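Shown next, in structure tokens, is the structure this report addresses.
Numbering (this note's numbering), first residue to last: 24 to 197.
Structural data, given as structure tokens:
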């Protein structure tokens, strides 16, 4: 099955559909996406190391789940589907904010140009990561994460850096 993404305008209004890799090629086309941030009751942030097998931005730390809704699929429905698929659990999710960004992976030359909807949730169990998606995972404190982001921003995906900073500014991170 060919994966497609929903192309959108700057107000997140659908304007068409495009095959996923094609939408990320030649400078990228603006498309709808979501990113999920998960915190535990200690206020720690769940992170994943993107699998080496990913098409782009591989082997970088990022939020637990980032993906695209399918044609006809609601954002929150897609977020729950992917969280279960990638980390083996589900939790209540709240949409926190959205933003547009564009970033090209220097290795693959694929470009993310996304209208990214950010969701947050809480979870205190033990994740069961999908090895096809995730090479490693960890809980970390916001303080340690901030320090590492300042010292080593290149270890993290571009969308993660933007979204985490916005979560902090909105007071959604301890």
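Yeah, the Cβ is synthetic: ideal placement off N, Cα and C, and Gly gets one too. Quick caveat: nothing in here was measured; it's all calculated off a predicted structure.
Anyone know if the C-beta pair for residue 92 and residue 120 falls short of 8 Å?
Numbered from its first residue, the chain shown carries residue 92 at position 69. Numbered from its first residue, the chain shown carries residue 120 at position 97. No, they are not a contact pair.
For residue 181, which of helix, strand or coil comes out of DSSP?
Within the chain shown, numbered from 1, the residue matching residue 181 stands at position 158. In the displayed model, residue 181 falls within a helix according to three-state DSSP.
According to DSSP, which residues form a beta bridge with residue 48?
For the purposes of this step, residue 48 is identified with residue 25 of the chain shown, where counting begins at 1. According to DSSP, residue 48 shares a beta bridge with no other residue.
Are the segment 127–144 and the segment 43–53 touching, with three or more C-beta to C-beta distances below 8 Å?
Touching, per the Cβ criterion.
Is the CB-CB distance between residue 168 and residue 68 below 8 Å?
Taking the first residue of the chain shown as 1, we reach residue 168 at position 145. Taking the first residue of the chain shown as 1, we reach residue 68 at position 45. Yes. Within cutoff.
Run through DSSP, which three-state label would residue 53 get?
The sequence position of residue 53 within the chain shown is 30, counting from 1. Note: residue 53 maps to coil in three-state DSSP.
Could you check whether residue 101 and residue 155 sit closer than 8 Å to each other, using their CB atoms as the reference points?
Residue numbering aside, residue 155 sits at position 132 when the chain shown is read from its first letter. Residue numbering aside, residue 101 sits at position 78 when the chain shown is read from its first letter. No, they are not a contact pair.
Under the three-state DSSP convention, the category residue 199 falls into
What is shown of the chain runs 24 to 197, which leaves residue 199 out entirely.
Looking at residue 82 and residue 72, is the spacing between their C-beta atoms short of 8 Å?
Residue mapping note: residue 72 aligns to position 49 of the chain shown, counting from 1. Residue mapping note: residue 82 aligns to position 59 of the chain shown, counting from 1. Contact check for residue 72 against residue 82 passes: the beta carbons are separated by less than 8 Å.
Return the Cβ separation of residue 63 and residue 109 in integer angstroms, given the expectation that the two are a contact with Cβ distance under 8 Å.
Reading the chain shown from its first residue, position 40 is the one you call residue 63. Reading the chain shown from its first residue, position 86 is the one you call residue 109. That belief does not hold up - the Cβ atoms of residue 63 and residue 109 are roughly 17 Å apart, past 8 Å.
Measure the alpha-carbon distance for residue 49 versus residue 118 and round it to whole angstroms.
By one-based count along the chain shown, residue 49 stands at place 26. By one-based count along the chain shown, residue 118 stands at place 95. Taking the straight line from one Cα to the other gives about 30 Å.
Whole-angstrom C-beta distance between residue 31 and residue 37, which should lie under 8 Å
Within the chain shown, numbered from 1, the residue matching residue 37 stands at position 14. Within the chain shown, numbered from 1, the residue matching residue 31 stands at position 8. Sure, about 6 Å apart at Cβ, within 8 Å.
Run through DSSP, which three-state label would residue 189 get?
Within the chain shown, numbered from 1, the residue matching residue 189 stands at position 166. Shown here, residue 189 sits in a helix according to DSSP, grouped into three states.
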